[in-house]
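Going by our numbering, the final residue of the sequence shown carries number 334, and the count climbs one at a time with no gaps.
Where is the CB? At the ideal position from N, CA and C, for every residue including glycine.
Please read all numbers here as calculations on a predicted model, not as lab measurements.
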Amino acid sequence: MHRRPLQLLAAALVGVLALGACSGSDGGDPDSPGSGSAQAQTANPYAGRDAYADPDSRTAEAAAKARADGDTDAERVLQRLASIPQGIWLTPEQYPAGAVGPFVQGVVDAADASGEVPTFVVYGIPDRDCTGGFSGGGLPADQYGPWVQEIADAAAHGEHAAVVVEPDALAASLECDSSAERVRLIKDAVDRFRASGVTTYVDGGHSNWVEPAELADLLEQVGVEDVRGFATNVANYQTNEDEIAYAEKLSDLVGGAHYIVDTGRNGFGSTDDWCNPSGRAFGTEPTVSNDGEHLDAYAWIKPPAESDGQCGGGPAAGELWPERALELAAASGW
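Here is the structure:
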C-alpha cells in the first residue's frame, strides 16, 4: 500500500474530479434500503459493545505455532496481540466470490454470539495499489460489484457489523489514470453496504497525504454523507493528534460525518518511510469515543503483525510477520 507524502502530491492535486459518480446495478439493488440501514448509519456501532477479535486470525495461529514450538515469549506476545480486536481484511485473492459470503457470515454469527462488533475491510478494487506499491491486484470492474454485494448480504445477517471501504483508493485516485472508474465503483460499493444496513466508513487517507478539501470532494462524490462516515490512517503511522486535526477538517467539509482512526502502529508517529519503518510501536488500543463529537472510535484496522510489503526485511504485503510483531511489542513495553 503506497502512500506518497502530502508535499509530493502538490502537482497532482490540480485536476481534481468534478464528475458526478453513478452506481451500478448488478448483483443487488443499492437503492432499496435494508431494514436496518438508517440506524446502521446514524449510530456509533462501537458504543455499548466491544469490538470483535477473530479467534482464528493469523496472529492467533502464529501464537499457537509459537506454543507448539516451545517459544513461550513469542506465544505470550502473539496471544496478547491476537486478543485485541483488529480489522478483518477481505480480498478477492483470499476470499473470492462464492467463498467470501460464507466466511463473513461465519464471523458475524460468532460476533453476535458474544455481543461484539466485527470490523471488515474491503480491499478488492481494480488495480488496487495503482500508485505502484506492494499490494497490487484486485478484481476486474465488472466483477467488483457482485463481490461487494456478497459481502454486504452476509454482513447484513449480523446484528452489528462495520465495514471500511477500500483503503487508499480515493486518495490514490488523484495519482492514477482510473480515477473516474474508482469513484464510480466506490460509490456503488457504498450504496450496496448502505442498502444492506451495514455501518460504513469510506477510507479517507491520512493527515500527511492529500489536503482535506481535495479528499472531501471525493468523499462527497461517493456518498459519504449517506453513511456513517470515513476512516483515516489505515495501515499508516500518523499520530492521533495529527489524525484528529485532519479528520475534523474533513468532517466539517462533508456535513459532520463521523470517523474512526487506525492506531495500531502509530505509538511513535510516522517517519519518512511508510513501508515497515523501524522503531515503531503500538498505538492507542481500540476504544470507543464518548465525547459526543465526530470521532467514533480508535481502532486497529490494519493487523499490526502483518507486513506492509517486501521492504525492510518484510514478506509480501498482508503476510504475517511475527518478528515485526515482537519488535512493536518490545518498543511498546510489552
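| Check | Outcome |
| --- | --- |
| Nearest-angstrom Cβ-Cβ length linking tyrosine 259 and aspartate 296, presumed shorter than 8 angstroms | 7 angstroms |
| Threonine 200 versus alanine 235 - alpha carbon distance | 18 angstroms |
| Residue span of the beta strand (DSSP E) that contains isoleucine 125, given as start and end | Premise fails: isoleucine 125 is in no beta strand (DSSP E) and is neither H nor E. |
| Cβ-based burial, proline 140 [other Cβ within 10 Å; buried from 16] | exposed |
| Cβ contact check for the region 115 to 124 and the region 44 to 59: 3 or more pairs under 8 angstroms | yes |
| Pair within 9 angstroms by beta-carbon distance, isoleucine 244 and valine 261 | yes |
| Own chain residues within Cβ distance below 6 angstroms of aspartate 242, not counting five before or after | Ser207 |
| Valine 100 beta carbon less than 9 angstroms from that of alanine 154 | yes |
| Beta-carbon proximity of isoleucine 301 to proline 167, cut-off 9 angstroms | yes |
| Cβ neighbours of alanine 60 in the same chain (closer than 6 angstroms, five flanking residues each side left out) | Ala82 |
| Cβ-Cβ separation, proline 303 to phenylalanine 282 (assumed contact under 8 angstroms), whole Å | Wrong, their Cβ atoms sit about 11 angstroms apart, outside the cutoff. |
| Reference glutamate 327, options Ser270, Glu285, Arg265 and Glu150, closest by Cα | Arg265 |
| Own chain, CB closer than 7 angstroms to alanine 216, minus 5 neighbours either side, in chain order | Leu250, Leu253 and Val254 |
| Length at least 3, wholly inside the region 149 to 225: the beta strand (DSSP E) runs in chain order | 162 to 165 and 199 to 203 |
| Cutoff 7 angstroms; reference alanine 74; Cβ partners in own chain excluding five residues on either side | Ala66, Pro322 and Leu326 |
| Limits of the beta strand (DSSP E) - the one that alanine 330 falls within | Unbroken run through alanine 330 is the alpha helix (DSSP H), 322 to 331; no beta strand (DSSP E). |
| Beta carbon proximity, leucine 139 to chain D, threshold 9 angstroms | Of the protein chains in this structure there is only one, and it is not chain D. |
| Three-state class that DSSP yields for aspartate 56 in the structure shown | coil |
| Neighbour-count burial assignment, valine 278, 16 or more Cβ in a 10 Å radius | Rather than valine, the amino acid found at residue 278 in this sequence is serine. Result: exposed. |
| Simplified DSSP assignment, three categories, for alanine 21 | At alanine 21 the pLDDT is 35, less than 50, meaning the model places this residue with poor confidence; the figure from the coordinates comes in the next sentence. Coil, per DSSP. |
| Residue nearest to valine 227 in terms of C-alpha spacing, selected from Gln310, Ser289, Arg194 and Val122 | Arg194 |
| Cβ-Cβ distance between glutamate 285 and threonine 263 below 9 angstroms | yes |
| Nearest-angstrom Cβ-Cβ length linking glycine 205 and alanine 171, presumed shorter than 8 angstroms | 4 angstroms |
| Residue nearest to leucine 185 in terms of C-alpha spacing, selected from Gly313, Leu219 and Leu320 | Leu219 |
| Local Cβ density within 10 Å of aspartate 109, reported as buried at 16 or more and exposed below that | exposed |
| Residue(s) in a DSSP beta bridge with histidine 258 | Gly229 |
| Per-residue burial, glutamate 306 [other beta carbons within 10 Å of its own, 16 or more giving buried] | buried |
| Beta-carbon proximity of isoleucine 88 to valine 107, cut-off 9 angstroms | yes |
| Distance between glycine 70 and alanine 331 (C-alpha atoms, nearest Å) | 23 angstroms |
| 8 angstroms contact criterion, which alanine 152 and arginine 192 should meet: CB distance rounded | 5 angstroms |
| Assigned secondary structure, proline 315 (DSSP; H/G/I helix, E/B strand, else coil) | coil |
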